[in-house]
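To start, the structure under review is shown below, and the notes come after it.
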Amino acid sequence: MEKKKLAHVAIIMDGNGRWAKSKHLPRVMGHHAGVRAVERTVRAAKDLDIPYISLYAFSTENWKRPKGEVLGLMGLFRYYMNSKLNELCREKTRMRFAGDLAALPEDIRQILRRAEEKTEQYEERQLIICLNYGGRKEIIDAINKITAQNPQSPVTEEMLRENLYLPDVPDPDLIIRTSGELRLSNFWLWQSSYSEYYFTDKYWPDFNKEDLEEAVKDYYERERRYGKA
Ligand code: FPP
13 MEKKKLAHVA IIMDGNGRWA KSKHLPRVMG HHAGVRAVER TVRAAKDLDI
63 PYISLYAFST ENWKRPKGEV LGLMGLFRYY MNSKLNELCR EKTRMRFAGD
113 LAALPEDIRQ ILRRAEEKTE QYEERQLIIC LNYGGRKEII DAINKITAQN
163 PQSPVTEEML RENLYLPDVP DPDLIIRTSG ELRLSNFWLW QSSYSEYYFT
213 DKYWPDFNKE DLEEAVKDYY ERERRYGKA
């Protein structure tokens, strides 16, 4: 039985709004509590020695949310990046971002660039935040880049991979989604071909270290065959 070491855990952090509603709070309070769950999960991933953790923070579809909620989320990204950068440096965690970053407000892009530059020398672990990310857009962007450079030759898998947002990041071994929804929602479309999935009914703000441990344990109990018999 093949038990591939868990290199990359990707998380669809869902249920912030329902968590807030269940407590008669405004939706944005669910996102605030979601940031605390992010902090717990990043620490837990370090303790569990998981080298890559990626978080689906804002999708290309999330712009359709009410303006106040989008502004609230942008404010939380600013807060998180500004307040956590020193801690991530102390813990030697490289920060990276995946998505169509050009469409984000200029001050956020500057914060992201600074975080990437300040942490780019760390090799032990990476925290990847997917911002204005959409799997379909990532694939289309890659194809457009390839065809602009090589208009005549057919596109190969290798060429496509090399033109993804973060080509060197290993595909996610495990994708966790919280809040009981059983969908991929345009996350890591190309990279998830052989990922294992783990679903929990817990809302994201309630997700904790034990939940991550449970998901990892479940992963190691599975058999991965990659299409072989
Ligand atoms: C989905 O819950 C969550 C989001 C669209 C935003 C995720 C953002 C955070 C957890 C906060 C900041 C993150 C970082 C990395 C600093 P939902 O609002 O769709 O919940 P619902 O389905 O219950 O309405």
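In terms of our numbering, the numbers along the sequence shown are unbroken and rise by one, the last being 241. The beta-carbon is built from N, C-alpha and C at its ideal position, and this holds for glycine as well.
Assign residue 19 to one of three DSSP states: helix, strand, or coil. Taking the first residue of the sequence shown as 1, we reach residue 19 at position 7. It is coil, neither helix nor strand.
For the ligand FPP, is there a heavy atom less than 7 Å away from the beta-carbon of residue 65? As a first step, residue 65 is located in the sequence shown; it is residue number 53 there, counting from the start. False, no ligand heavy atom lies under 7 Å from that Cβ.
Note down, in chain order, each residue of its chain lying with its Cβ closer than 8 Å to the Cβ of residue 121, except the 5 sequence neighbours on either side. Counted from its first residue, the sequence shown places residue 121 at position 109. Excluding positions up to five away in sequence, the list reads 113 and 114.
Are the CB atoms of residue 178 and residue 106 within a distance shorter than 8 Å? Residue mapping note: residue 106 aligns to position 94 of the sequence shown, counting from 1. Residue mapping note: residue 178 aligns to position 166 of the sequence shown, counting from 1. No, these two residues do not count as a Cβ contact at 8 Å.
Which of the three DSSP states, helix, strand or coil, is assigned to residue 34? Reading the sequence shown from its first residue, position 22 is the one you call residue 34. DSSP places residue 34 in helix when its eight states are reduced to three.
Nearest-angstrom Cα separation, counted from residue 49 out to residue 89: Counted from its first residue, the sequence shown places residue 89 at position 77. Counted from its first residue, the sequence shown places residue 49 at position 37. When rounded, the distance between both Cα atoms is 14 Å.
With DSSP as the reference, label residue 124 as helix, strand or coil. In the sequence shown, counting from the first residue as 1, residue 124 sits at position 112. Here residue 124 sits in helix by DSSP.
Along the alpha helix (DSSP H) that carries residue 171, what are the first and last residues, could you check? Taking the sequence shown and counting its residues from 1, one reaches residue 171 at position 159. Residue 171 -> alpha helix (DSSP H) spans 169–174.
Excluding the 5 residues preceding and the 5 following residue 188 in the sequence, name in chain order all residues of the same chain whose CB lies nearer than 6 Å to its CB. The residue labelled residue 188 in the question sits at position 176 within the sequence shown. Excluding positions up to five away in sequence, the list reads 23, 210 and 227.
Identify whether residue 116 lies in helix, strand or coil by the three-state DSSP scheme. Locating residue 116 in the sequence shown gives position 104, where the first residue counts as 1. Three-state result, residue 116: coil.
Does the pairing of the segment 124–136 with the segment 146–161 give three or more beta-carbon distances under 8 Å? no
Measure the alpha-carbon distance for residue 86 versus residue 79 and round it to whole angstroms. Position 74 of the sequence shown, counted from the start, is the residue given in the question as residue 86. Position 67 of the sequence shown, counted from the start, is the residue given in the question as residue 79. Whole-angstrom Cα-Cα distance: 11 Å.
Contacts around residue 244, its chain only, beta-carbon distance under 7 Å, and the 5 residues preceding and following it disregarded: Since the displayed the chain opens at 13 and closes at 241, residue 244 lies outside it and no answer follows.
Based on Cα-Cα distance, which residue from 67, 224 and 194 lies nearest to residue 138? Reading the sequence shown from its first residue, position 126 is the one you call residue 138. The shortest C-alpha separation from residue 138 is found at 67.
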